[in-house]
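Number 1 in full-length UniProt numbering belongs to position 1 of the sequence shown; there are no gaps in the numbering.
C-beta atoms are modelled at their ideal positions from N, C-alpha and C, and glycine is treated no differently.
Small disclaimer: the values here were computed from a predicted structure and weren't measured.
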Amino acid sequence: MTHVLTHRGLPDGMTRWDLYGLLVKAAKHFGLTDTMLKYLRFAISRTQDQDYAAGRICALWPSVSETASQLEADPRQIARAEARLAELGFIVKSSAARCRRYGVRSENVIRYAFGINLAPLVDRAREIEAAARKVCFEKEEAKRLRLHIPKLLERVRTSGDASAEEAAEVILPSRRPSRIWRYARLKEIADGLEALIETFADACVAVEMSDRCDADVAPREGRKTNSKRSSSGQPEPRLSPAQFCILASPGFEDAVRQYAPPGVPPDWRTIPAAAKDWAQVRGIPAGLWQRQVDCLGMMSREVV
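#1: Would you give the residue range spanned by the alpha helix (DSSP H) that L157 belongs to?
#2: Cα-Cα, which of L118, A142, E107 and Q48 is closest to L85?
#3: When the distance is taken between beta carbons, is F42 closer than 9 Å to Q77?
#4: Please determine whether the Cβ atom of A242 lies at a distance below 8 Å from any heavy atom of the ligand ATP.
#5: Would you mind stating whether R175 and P11 have Cβ atoms separated by less than 9 Å?
#6: Within the region 89-114, note down every full beta strand (DSSP E) run reaching 3 residues or more, in order along the chain.
#7: Can you tell which of R98, A96, S65 and A97 has the C-alpha that lies nearest to the C-alpha of E82?
#8: Please name the residue or residues paired with I44 in a DSSP beta bridge.
#9: Would you tell me roughly how many angstroms separate the C-alpha atoms of I149 and A162, rounded to the nearest one?
#10: Helix, strand or coil, according to DSSP, for L121 in the structure here?
#11: Leaving aside the five residues before and after K93 along the sequence, list all residues of the same chain whose C-beta is less than 7 Å from its C-beta, in chain order.
#12: Roughly how many whole angstroms lie between the Cα atoms of M167 and L152?
#13: If distances are taken between C-alpha atoms only, which option among E194, R100 and A275 comes closest to L145?
#14: DSSP state of A53, grouped into three classes?
#15: What does the Cβ neighbour count give for W61, buried or exposed, with the cut at 16 atoms within 10 Å?
#16: Taking the alpha helix (DSSP H) that R16 falls in, what are its first and last residues?
#17: With C-beta atoms as the reference, is I171 less than 9 Å away from A113?
#18: Taking all protein chains shown into account, decide if E129 is buried (16 or more other Cβ within 10 angstroms of its Cβ) or exposed.
#19: So, with DSSP's three-state summary, where would you put I116?
#20: For the region 181-199 and the region 134-143, state whether three or more C-beta atom pairs, one from each stretch, are separated by less than 8 Å.
#21: Exposed or buried, P177, counting other C-beta atoms within 10 Å across all chains shown (16 or more means buried)?
#22: Rounded to a whole number of angstroms, what is the C-alpha to C-alpha distance between E154 and L196?
#23: Could you tell me whether the Cβ atoms of A273 and A131 are closer together than 9 Å?
#24: Is it buried or exposed, F252, if we count other Cβ atoms within 10 angstroms and call 16 or more buried?
#25: Measure the alpha-carbon distance for T2 versus D191 and round it to whole angstroms.
#26: Assuming L71 is part of the alpha helix (DSSP H), what are its boundary residues?
#27: Given a cut-off of 9 Å, decide if I44 and R16 are closer than it, judged by their beta-carbon atoms.
#28: Distance check for P265 and R257, CA to CA, integer angstroms please.
#29: Whole angstroms is fine: what's the gap from A248's alpha carbon to D267's?
#30: Helix, strand or coil: which one does DSSP assign to A79?
#31: Excluding the 5 residues preceding and the 5 following R46 in the sequence, name in chain order all residues of the same chain whose CB lies nearer than 6 Å to its CB.
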């Protein structure tokens, strides 16, 4: 029965006014209007802290006209706000005979109430908190993307690739991300530009690697194949693992040594594995890395 409807309580450390603050932040997410927020603030102010403990009734019972008078609003506005909040699942309405609202509080505990029950609101506290955090995250990310997108556009412009510039024009015709406020749209633009940059960067590197591969064909064809290693079809590394570590940067050398078993020097099995992870840390896309590995061969990828 709604006049004795209880709730599970607020999460530890959250107060009723914390809950209201989260509602304000997530208002747009839940479709709450200014009038609804004003009403909820009034409703929460008419309750007490102990009403939000688990197993308690959290309710209020002023009439629509009394609430309207307190909020200096039209009673019809208040009635619509209550109806909409009930539809959204934040309150439950109940009334006694002749639509009267009343309740009983004794020893600071509500025993029953015919009016507006806030149990659904309290039980959705975690959901409201998550929505508020999501809104805050997207707001901060939108700020970052509005600064990041012009840098991506500049990279496209300086690439000298006319087709890439045309594609960027399709992704963001106005070239003014400062006028876009929706996080989803900004992320869509940034993702599109990053994919475009990766595509033309991949094409440029592929051409360069192809030239390098072609340049290596003649010397490789002229090599003698009388050694045991060559006859087995295995590539002959240009450097020993120890020499490679001497030539590597200090940071990469440390990464390589971390992959080697304790007390064992790095070998040509641990170096490529370290190189792959090092590339990802440096921001090289995994797909681009793998394509260059395929072009150069397993024993050469650590020097890309």
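Reading it off the structure:
#1: The question names Leu, yet the displayed sequence has Arg at residue 157. Taken as a continuous stretch (DSSP letters only), the alpha helix (DSSP H) holding R157 covers A125 to T158.
#2: Comparing Cα positions, the closest option is L118.
#3: Not closer than 9 Å, so no.
#4: Of ligands this structure carries none, so the ligand ATP is not represented either.
#5: No.
#6: List check, beta strand (DSSP E) in window: 102-106 and 109-114.
#7: Considering only alpha carbons, the answer is S65.
#8: Listed as beta-bridge partners of I44 by DSSP are no residues whatsoever.
#9: Within the model, the alpha-carbon separation for I149 versus A162 is close to 19 Å.
#10: Collapsing the DSSP output to three states places L121 in a helix.
#11: Hits under 7 Å: E82, A86 and I116.
#12: In the sequence under discussion, the amino acid at residue 167 is Ala, which differs from the Met named in the question. Those two C-alpha atoms are separated by around 13 Å.
#13: The shortest C-alpha separation from L145 is found at E194.
#14: A53: coil per DSSP, three-state reduction.
#15: Residue environment for W61: buried (at least 16 other C-beta atoms within 10 angstroms of its C-beta).
#16: From DSSP, the alpha helix (DSSP H) with R16 extends over R16 to K25.
#17: Contact: no.
#18: Its Cβ being crowded by 16 or more others within 10 Å, E129 is buried.
#19: In the three-state reduction of the DSSP assignment, I116 falls in the strand class, which pools E and B.
#20: Enough Cβ pairs lie closer than 8 Å, so yes.
#21: Buried.
#22: Between E154 and L196, the C-alpha separation is close to 13 Å.
#23: Their beta carbons are not under 9 Å apart, which means A273 does not touch A131 by this criterion.
#24: Flag for F252 reads buried.
#25: Near 49 Å, if we compare the C-alpha coordinates of D191 and T2.
#26: In the DSSP assignment, L71 falls within the unbroken alpha helix (DSSP H) covering V64 to L71.
#27: Against a cut-off of 9 Å, the Cβ pair of I44 and R16 comes out as a contact.
#28: P265 has its alpha-carbon roughly 7 Å from the corresponding atom of R257.
#29: Each residue's alpha carbon lies about 14 Å from the other.
#30: Helix, per DSSP.
#31: Contacts found: L60.
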